[in-house]
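Asks:
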Amino acid sequence: MEEIKPNVFWVGAIDWNIRDFHGYETRFGTTYNSYLVKGEKVALIDTVKHGFEDELLEKLDELNVKDLDYLIVNHIEMDHAGCVDVIVERYPKVKIVTNIRGKNGLKDAYNIDHDTIIVKTGDKLNLGNKTLMFIETPLIHWPDSMMTYVVEDKLLISNDAFGMHYASERRYDDEFNDEEIGRIFFETAKYYANIILLYSDRVRKVLKEIKDMGLEFDAICPSHGIIWRKRVNEILSHYSKWSNGEWENRIVIAYDSMWNHTERAIHEITKGIEEIGVPFSIYKLRVSDLTEVMTEVMLSKGLIVGSPTLNREIFPSVAAFLTYMKGLKPFNKIAGAFGSYGWSGEAVEKIVNVFNQLKFDVVKSVRFKFSYEKVKEDLRNLGILVAEKVAMNNDEGQ
Ligand code: FEO
Numbered sequence: 002m003e004e005i006k007p008n009v010f011w012v013g014a015i016d017w018n019i020r021d022f023h024g025y026e027t028r029f030g031t032t033y034n035s036y037l038v039k040g041e042k043v044a045l046i047d048t049v050k051h052g053f054e055d056e057l058l059e060k061l062d063e064l065n066v067k068d069l070d071y072l073i074v075n076h077i078e079m080d081h082a083g084c085v086d087v088i089v090e091r092y093p094k095v096k097i098v099t100n101i102r103g104k105n106g107l108k109d110a111y112n113i114d115h116d117t118i119i120v121k122t123g124d125k126l127n128l129g130n131k132t133l134m135f136i137e138t139p140l141i142h143w144p145d146s147m148m149t150y151v152v153e154d155k156l157l158i159s160n161d162a163f164g165m166h167y168a169s170e171r172r173y174d175d176e177f178n179d180e181e182i183g184r185i186f187f188e189t190a191k192y193y194a195n196i197i198l199l200y201s202d203r204v205r206k207v208l209k210e211i212k213d214m215g216l217e218f219d220a221i222c223p224s225h226g227i228i229w230r231k232r233v234n235e236i237l238s239h240y241s242k243w244s245n246g247e248w249e250n251r252i253v254i255a256y257d258s259m260w261n262h263t264e265r266a267i268h269e270i271t272k273g274i275e276e277i278g279v280p281f282s283i284y285k286l287r288v289s290d291l292t293e294v295m296t297e298v299m300l301s302k303g304l305i306v307g308s309p310t311l312n313r314e315i316f317p318s319v320a321a322f323l324t325y326m327k328g329l330k331p332f333n334k335i336a337g338a339f340g341s342y343g344w345s346g347e348a349v350e351k352i353v354n355v356f357n358q359l360k361f362d363v364v365k366s367v368r369f370k371f372s373y374e375k376v377k378e379d380l381r382n383l384g385i386l387v388a389e390k391v392a393m394n395n396d397e398g399q
């Protein structure tokens, strides 16, 4: 049994096989982390996804949990509150501890209306030898989200924040080699880009709040993936950078193409980027995983999007990407657009409209009738201008 600190246990479940988490590609699977804190009273923090209840209950049996006093519901989403009903049935005297939005959400989503203690930021629950303190973190990830801090052990049980979809028997960051940790950090960025990015203002607020509270962390224990114990400052620093829009000087080119006219134009654009010496990556959207593309888009300062015009519209795979990206509200981006057309040619303007809605700095757009041959210079300049601004932006930031 994984004992994180004396009488604080990991009692979660590992989902090795999941590859599609409500549309999010989870190539390394995931975990649903649940934690048990034993003082004179016993508290379970979060449950697991429905279908994994046996793993949770077996662990509670191993720990000889005959009576459970409190069930802390940090978040009502189905991957964490999916077994609240199972726990309430097994331990009918348990008191649920959550905030008012959590209480209402349990009723709305699960028709659970059990004995509940409502808490807000700064409230404490004394378990005898252990004290839990609650920090509301609305919209990281849902309105009900909150974190639980184990005061004596300096553990932040952070729910979705600081987490990543990564299945492993190893629980702590210091149990992985450098290559694995690089992968885990990418998965953590992926989680931020695809789940949390649009709430970056909330993240900044929470980071300030926990700093102002003077909280210290021996470990940060998220609800997905591994526990941060060696790299606490590093993960906090990443969250600070991502929430403040401090991106790397790289460019993503995301595009699709029908008869390769738009695709071939990329060669001219990249010539311009290479002249300035900025790294770039290219994604053909029809064959790329949106979750990964979105991660690279978030991490990179520059974005260039290409689409042919189809039926007076943006090509469907590019439109899907733009819709997905717009919802996640990336910010502080330098952007360009390009694309071929046959007769009407609306796609490029529509891409620029999306960029404008996101307040991107749009430096140039290029559209061309069928062949890019006549606009080679324009395309090269598009690459140069985006790359120059990305590089300049970087210098200014140093
Ligand atoms: Fe892991 Fe928002 O649930």
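The sequence shown maps to residues 2 to 399 in the working numbering.
For each residue, glycine too, the CB sits at the ideal point set by N, CA and C.
Predicted model, so just to flag it, every value in this text is computed and none were measured.
Among all the DSSP beta bridges, which residues are the ones paired with Trp11?
Replies: BP columns for Trp11 point to Glu3 and Tyr36.
Asks: Give the secondary structure of Thr31 by DSSP, where H, G and I count as helix, E and B as strand, and everything else as coil.
Replies: If DSSP states are grouped into helix, strand and coil, Thr31 belongs with the strands.
Asks: Using only alpha-carbon positions, find the residue among Gly83, Gly337 and Glu54 that is nearest to Ala388.
Replies: Considering only alpha carbons, the answer is Gly337.
Asks: In terms of alpha-carbon separation, which member of Arg287, Gly273 and Val363 lies closest to Asn382?
Replies: Looking at the Cα atoms, Gly273 is the closest of the given residues.
Asks: I want to check one thing, is the minimum distance from the CB of Trp243 to the heavy atoms of the ligand FEO below 7 Å?
Replies: Trp243 Cβ: outside cutoff for every heavy atom of the ligand FEO.
Asks: Note down, in chain order, each residue of its chain lying with its Cβ closer than 6 Å to the Cβ of Val152, except the 5 sequence neighbours on either side.
Replies: Counting only Cβ-Cβ distances below 6 Å, and skipping sequence neighbours, we find Thr132 and Met134.
Asks: Can you grab the Cα-Cα spacing for the pair Ile385 / Ile196, in whole Å?
Replies: Computed Cα separation, rounded: 32 Å.
Asks: Buried or exposed: Gly328, going by 16 or more other Cβ atoms within 10 Å of its Cβ?
Replies: The residue is exposed, with fewer than 16 neighbouring Cβ atoms inside 10 Å.
Asks: Taking only the alpha-carbon atoms, compute the straight-line gap between Asp55 and Met259 and give it to the nearest angstrom.
Replies: Approximately 50 Å, taken between the alpha carbons.
Asks: Exposed or buried, which one is Ile118 when buried takes at least 16 other CB atoms within 10 Å?
Replies: Ile118 should be labelled exposed.
Asks: Name the DSSP bridge partner or partners of Ala338?
Replies: Its beta-bridge partners are Val306 and Ser366.
Asks: I'd like the span of the alpha helix (DSSP H) that includes Leu156, first residue to last.
Replies: Here Leu156 belongs to no alpha helix (DSSP H); instead the beta strand (DSSP E) covers Leu156 to Asn160.
Asks: Could you have a look at Pro93 and say whether DSSP puts it in helix, strand or coil?
Replies: It is coil, neither helix nor strand.
Asks: Count the other C-beta atoms from every protein chain shown that fall within 10 angstroms of the C-beta of Trp248, then say buried if there are 16 or more, exposed otherwise.
Replies: Result: buried.
Asks: Taking contact to mean 3 or more Cβ pairs, one atom from each stretch, closer than 8 Å, check whether the region 169 to 183 and the region 302 to 317 are in contact.
Replies: The region 169 to 183 vs the region 302 to 317: no contact.
Asks: Which residues in the same chain as Val9 place their Cβ atom closer than 7 Å to its Cβ, once the five residues preceding and following it in sequence are excluded?
Replies: Result list for Val9: Tyr36, Val38, Val151, Asp154 and Leu156, in chain order.
Asks: When burial is assigned at 16 or more other CB atoms within 10 Å of the CB, is Trp243 buried or exposed?
Replies: Buried: at least 16 other Cβ atoms inside 10 Å.
Asks: Under 8 Å, with one C-beta from each stretch per pair, do the region 339 to 349 and the region 284 to 303 reach the 3-pair mark?
Replies: The region 339 to 349, when compared against the region 284 to 303, does not touch it at the 8 Å Cβ threshold.
Asks: Using only the alpha-carbon positions, how far apart do Lys42 and Val319 sit?
Replies: Taking the straight line from one Cα to the other gives about 54 Å.
Asks: Do you know offhand how far Val12's Cα is from Lys390's?
Replies: Their Cα atoms are separated by approximately 49 Å.
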